[in-house]
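Following: one structure in structure tokens, then a few remarks.
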Amino acid sequence: QADVDNAEFVDHLYGFEFAHQLYTKAQSDYSGRVTVPILWDKQTQTIVNNESSEIIRIFNSAFNDLTGNTEDFYPHALQNEIDEVNDRVYHTINNGVYKCGFATTQGAYEEAYEELFASLDWLEQKLASQSFLVGEQITEADWRLFTTLVRFDSVYVGHFKTNKKRIVDYPNLWRLLRQLYQQSGIAETVKLDQIKQHYYFSHTMINPTQVVPVGPEIDFWQPL
6 QADVDNAEFV DHLYGFEFAH QLYTKAQSDY SGRVTVPILW DKQTQTIVNN
56 ESSEIIRIFN SAFNDLTGNT EDFYPHALQN EIDEVNDRVY HTINNGVYKC
106 GFATTQGAYE EAYEELFASL DWLEQKLASQ SFLVGEQITE ADWRLFTTLV
156 RFDSVYVGHF KTNKKRIVDY PNLWRLLRQL YQQSGIAETV KLDQIKQHYY
206 FSHTMINPTQ VVPVGPEIDF WQPL
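When we follow our numbering, the leftmost residue of the sequence shown carries the number 6, and every step to the right adds one.
Spelled out as structure tokens, the structure:
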């Protein structure tokens, strides 16, 4: 649902308040799941794609002729290695934090917890000898990890009980996180107050009081 009292979140195309309104505009009889992100085509007024792993690749190359930006975050020579890293990161880190947070048994929680931190340890070791997850250039693999790393200490450590270590306790992962955050145009997309509000308000089964923590204070601009 959009916050209609905040101009930052107003739907400037149609004035919709709910994501399902976009789905039914694209297909009037739609009754399936409503998910985000949504890549919307204003010309045809329909949803092009709603799968983040596919949208990131669309943005990587589909609009090069329009933007003149030919940066390639999924270079052919590195695709196999990127895919391998993505697979483990997705199942044990991106999705792993949710497996911890939404576990309904101690066993399921502990299994996800161990897998999560084993993978973080693996990445920390990998980054000891290289700048980024796949060699010496930023790739799709780094950006897919970034979205979890940037929320980890503010949300997942407490809210999802992933509290063995914080990202700031991993020197190499903390460096990577800051390197990515400090890339042009990234910082303004990271709004930790909104991120915390979303998680601590949405999951009332985990946080029934909906009290949102004030901290922690994290300096992503700390020199590299």
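Using N, Cα and C, we set each Cβ at its ideal position, and we do this for glycine too.
Small disclaimer: the values here were computed from a predicted structure and weren't measured.
Helix, strand or coil at residue i according to DSSP, with G and I counted as helix
i	result
Pro-213	coil
Asp-46	strand
Thr-109	coil
Val-15	coil
Asn-54	strand
Lys-166	coil
Val-39	coil
Phe-157	helix
Leu-229	coil
Asn-100	coil
Glu-145	helix
Phe-21	coil
For residue j and residue i, the rounded distance between their alpha carbons
i	j	result
Asn-212	Tyr-161	13 Å
Asp-88	Ile-98	15 Å
Ala-82	Tyr-186	26 Å
Trp-226	Leu-128	22 Å
Leu-71	Phe-78	17 Å
Val-94	Asn-100	8 Å
Gly-163	Gln-184	24 Å
Ile-172	Asn-54	32 Å
Val-195	Val-219	16 Å
His-17	Lys-47	11 Å
Tyr-28	Tyr-35	7 Å
Gln-135	Glu-193	27 Å
Pro-80	Gln-188	19 Å
Leu-197	Ser-159	7 Å
Lys-170	Asp-224	17 Å
Ile-200	Pro-221	13 Å
His-25	Arg-38	9 Å
Gln-215	Arg-156	18 Å
Glu-119	Leu-132	20 Å
Glu-86	Val-139	7 Å
Ala-31	Phe-137	39 Å
Ile-43	Thr-51	10 Å
Ser-124	Thr-75	31 Å
Neighbour-count burial assignment, residue i, 16 or more Cβ in a 10 Å radius
i	result
Ile-63	exposed
Glu-145	buried
Val-9	Bear in mind that a pLDDT of 48 at Val-9, under 50, signals an unreliable position, so the number given afterwards is only what the model happens to contain. By the 10 Å Cβ count, Val-9 comes out exposed.
Thr-49	exposed
Thr-167	buried
Phe-206	exposed
- Can we say the stretch 100 to 120 touches the stretch 173 to 180, given the rule of at least three CB pairs closer than 8 Å? no
- Task: Check whether the stretch 56 to 65 touches the stretch 139 to 159, taking contact to mean three or more Cβ pairs, one atom from each stretch, closer than 8 Å.
- Result: yes
- Uninterrupted alpha helix (DSSP H) stretches inside the stretch 168 to 224 (no shorter than 4 residues): 176 to 186 and 197 to 207
- Item | Sequence ranges, alpha helix (DSSP H) only - wholly within the stretch 58 to 95, length at least 4 | 69 to 72 and 84 to 94
- Query: Along the chain, which unbroken stretches of the alpha helix (DSSP H) at least 4 residues long are found entirely within the stretch 111 to 143?
  - Reply: 111 to 131
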